[in-house]
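Chemist: Residue numbers (my numbering), protein chains in the order written: chain P, 70 to 314; chain Y, 70 to 314. Shown below is the structure under consideration.
Protein chains: 2
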Amino acid sequence: MSKRFFIQYTDDDTILLQGQEHHHLVNVTRAQIGEQVIVCFNDGYDNICEIIEIKKNHAILKRLSRQKNNNETDIDVTLFQAAPKGDKIELITQKCVELGIKSIVPFLSQFTQTKESSVKTERLRKIAQEAAKQCGRAIVPEIENTSKFSDILPRLKDYDYILMPYELEDQTDIKTALKAATYPKMIAIIIGSEGGFSQEEVNQAKEQNAQTVTLGARILRTETAAISVVSIVMYQFDQLKKGEQ
Amino acid sequence: MSKRFFIQYTDDDTILLQGQEHHHLVNVTRAQIGEQVIVCFNDGYDNICEIIEIKKNHAILKRLSRQKNNNETDIDVTLFQAAPKGDKIELITQKCVELGIKSIVPFLSQFTQTKESSVKTERLRKIAQEAAKQCGRAIVPEIENTSKFSDILPRLKDYDYILMPYELEDQTDIKTALKAATYPKMIAIIIGSEGGFSQEEVNQAKEQNAQTVTLGARILRTETAAISVVSIVMYQFDQLKKGEQ
């Protein structure tokens, strides 16, 4: 498993690591001069680099090659997550990044019991970057600022499949729903917080073509639902395979 | 969502709650005399009871009816989990109980970096019971004492499907494998710890008919792998539906 670093795009074959990524290189991975590491510009490519120089506040790397990273999914999954209590959204972020999600949109809904300020967006971005490094991705999923439920509704038209687990859904289970979906490319998953959704919110989402589903008889905690549903979507749409996807 | 309590089996329609479950009734759920709660004997049935008397050290309940709990899966999934670092097995236990697993067997393998004493079995049993209550189950999954990998091998013959994610598996992905499985009833899932499995261990498991699979290009942490694979198995074998299963 190669050591990964995320920096801004550069055309230059001589690459400068500073700040957090320099700290990560020197103090966390303890990389040495001559060692090969991967530098990513958050564009889906891996830049294979050799470490040329390590100084107190920077390091110089030389790019040896650039190649497409094959660890990204070929579907685009966004998790719309109602802000849960405590720090559960940190767990959700870490796990969903490993599972291949492209972005997370925290939101507040009618029965959400947390405040916007309790979602520590910067901290979640750091967790997302660390998880992306750990699992070998070349894109750090975007963590958006916290929205209101009413603000995410008009955005749902950008997705060709919208999955919304709902406790009171009795007719359609997740498997029946997903098997009827014909390999969508842009997928939205909407997960409620501890309090769930109001009937009004569910109706509003359905008007935007959201497919409500049951996850079965056992009541899953919000963070379990998020991780499980993302796992299942990646499984159903063939994203848990190796190699070219 | 009704309040649930687990006690030993009794034939009597007058039921005594003491100790931890009395504490849970009085101080956690703050139940009142006259209220209906569910008492489980860990046998798959719900006993609907009315609270008759609450005293300092006990409570008396009257059983009104007894009915089959429909929240249990009709497959029997055991998670054989190599002991991960830190307290990750607590997260695994909580989530896998919600997802419907029947038992968890922690084990030590060649590359496991934790000691047997770091698996706090009693604490995990408590977490399993709390999770079972929260998600409406009538059976508390069994948390076994920590085994050695060599001790779990001969037990695998009790299962009709054995799924073993393995980092170096390049041929078979989890979906291809599970789709070829014809609705097994007894399923074992074997998850490695941070260090993974040795080639020797994988060969030994394969001799017991374990199906090794890849979970794809992104490297999942051990706890993510456990939760994801249990989610996927429940999904694939139709256990995420409501009602009679």
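Where a beta carbon is used, it is the ideal one built from N, C-alpha and C, also for glycine. In this text, all values refer to a predicted model and were calculated from it rather than measured experimentally.
Thinking C-alpha only, which one of D156(Y), Q268(Y) and V282(Y) is nearest Y230(Y)?
Modeler: Taking the Cα of Y230(Y) as reference, the smallest distance to any Cα among D156(Y), Q268(Y) and V282(Y) is reached at V282(Y).
Chemist: Please list the terminal residues of the continuous alpha helix (DSSP H) segment that includes V166(P).
Modeler: K157 to E167
Chemist: Y235(Y): buried (16+ other C-beta within 10 angstroms of its C-beta) or exposed?
Modeler: buried
Chemist: Among all the DSSP beta bridges, which residues are the ones paired with M233(P)?
Modeler: Partner(s): T281(P).
Chemist: Ignore the nearest five residues each way along the sequence and tell me which others in I259(Y)'s own chain have a CB closer than 6 Å to its CB.
Modeler: F149 and M233
Chemist: Using DSSP with H/G/I as helix, E/B as strand and the rest coil, what is L177(P)?
Modeler: strand
Chemist: Going by the DSSP bridge assignment, what does D115(Y) pair with across the sheet?
Modeler: C109(Y) and Q136(Y)
Chemist: Are three or more beta carbon pairs between the segment 214-225 of chain Y and the segment 266-279 of chain Y nearer than 8 Å?
Modeler: Yes: the two stretches touch, three or more of their Cβ pairs being nearer than 8 Å.
Chemist: Please work out which residues of its chain come closer than 7 Å, Cβ to Cβ, to V209(P), disregarding the five sequence neighbours upstream and downstream, and give them in chain order.
Modeler: F75, N111, A197, Q198 and A201
Chemist: Tell me the rounded alpha-carbon separation between L284(P) and K254(Y).
Modeler: 20 Å
Chemist: Please confirm if M303(P) has its CB atom under 9 Å from at least one CB of chain Y.
Modeler: yes
Chemist: Could you pull out every residue in the same chain whose Cβ sits closer than 7 Å to the Cβ of A295(Y), ignoring the five residues on either side in sequence?
Modeler: L148, Q150, I161, C165 and I260
Chemist: With distances taken from CA atoms, which of I144(Y), T190(Y) and L168(Y) is nearest I256(Y)?
Modeler: I144(Y)
Chemist: Could you compute how far the alpha carbon of E211(P) sits from the alpha carbon of A274(Y)?
Modeler: Distance from the CA atom of E211(P) to the CA atom of A274(Y), rounded to whole angstroms, is 40 Å.
Chemist: Less than 9 Å between the beta carbons of I158(P) and E167(Y), yes or no?
Modeler: no
Chemist: Check L309(P) in the structure and name its three-state DSSP category.
Modeler: coil
Chemist: Am I right that A207(P) and N140(P) are in contact with their C-beta atoms under 8 Å? What's the rounded C-beta distance?
Modeler: Correct: roughly 7 Å between the Cβ atoms.
Chemist: According to DSSP, which residues form a beta bridge with A128(P)?
Modeler: L86(P) and I123(P)
Chemist: DSSP on F218(P), reduced to helix/strand/coil?
Modeler: helix
Chemist: Using the beta-carbon of each residue, which ones in chain P are nearer than 8 Å to N139(Y)?
Modeler: A286
Chemist: How big is the Cα-Cα spacing for N96(P) and I221(P)?
Modeler: 40 Å
Chemist: Our contact map puts F218(P) next to S178(P) with C-beta atoms below 8 Å; I'd like the distance itself, whole angstroms only.
Modeler: Rounded, the Cβ-Cβ distance is 4 Å, consistent with contact.
Chemist: Please work out which residues of its chain come closer than 7 Å, Cβ to Cβ, to A250(P), disregarding the five sequence neighbours upstream and downstream, and give them in chain order.
Modeler: Y230
Chemist: Can you pull the chain P neighbours of T251(Y), defined as C-beta to C-beta under 8 Å?
Modeler: None at all; the shortest Cβ gap to chain P is about 17 Å.
Chemist: Kindly list, in the order they appear in chain P, the residues whose Cβ is closer than 7 Å to that of F206(Y).
Modeler: The sequence as given places Arg at residue 206(Y); Phe does not occur at that position. Going along chain P in sequence order, the residues near R206(Y) (Cβ under 7 Å) are R287.
Chemist: Using the Cβ count rule (16 or more neighbours within 10 Å means buried), how would you classify L94(P)?
Modeler: buried
Chemist: Looking at the strands, I want to know which residues DSSP matches up with A151(P).
Modeler: F176(P)
Chemist: Whose C-beta lies closer than 6 Å to the C-beta of E213(Y) among residues of the same chain, with five residues either side of it excluded?
Modeler: V174
Chemist: Just the C-alpha distance for Q89(Y) and E191(Y), rounded to the nearest angstrom, thanks.
Modeler: The straight-line gap from Cα to Cα measures roughly 14 Å.
Chemist: What are the start and end residues of the alpha helix (DSSP H) that includes I243(P)?
Modeler: I243 to A249
Chemist: Among A100(Y), G103(Y) and T181(Y), whose alpha-carbon lies nearest the alpha-carbon of S267(Y)?
Modeler: The option with the nearest alpha carbon to S267(Y) is T181(Y).
Chemist: In its own chain, which residues sit with a C-beta less than 7 Å from the C-beta of D82(P), not counting the 5 before and 5 after it?
Modeler: K131 and R132
Chemist: Using a Cβ-Cβ cut-off of 7 Å (strictly less than) and excluding sequence neighbours within five positions of V188(Y), which residues of its own chain qualify?
Modeler: A152, I158, P175 and T215
Chemist: So, is the C-beta of L160(Y) closer than 9 Å to a C-beta in chain P?
Modeler: Contacts with chain P at 9 Å (Cβ-Cβ) include L160(Y).
Chemist: Can you check DSSP and say which residues form a bridge with I260(Y)?
Modeler: Q150(Y)
Chemist: Check for me: the beta strand (DSSP E) holding R73(Y) runs from which residue to which?
Modeler: R73 to F75
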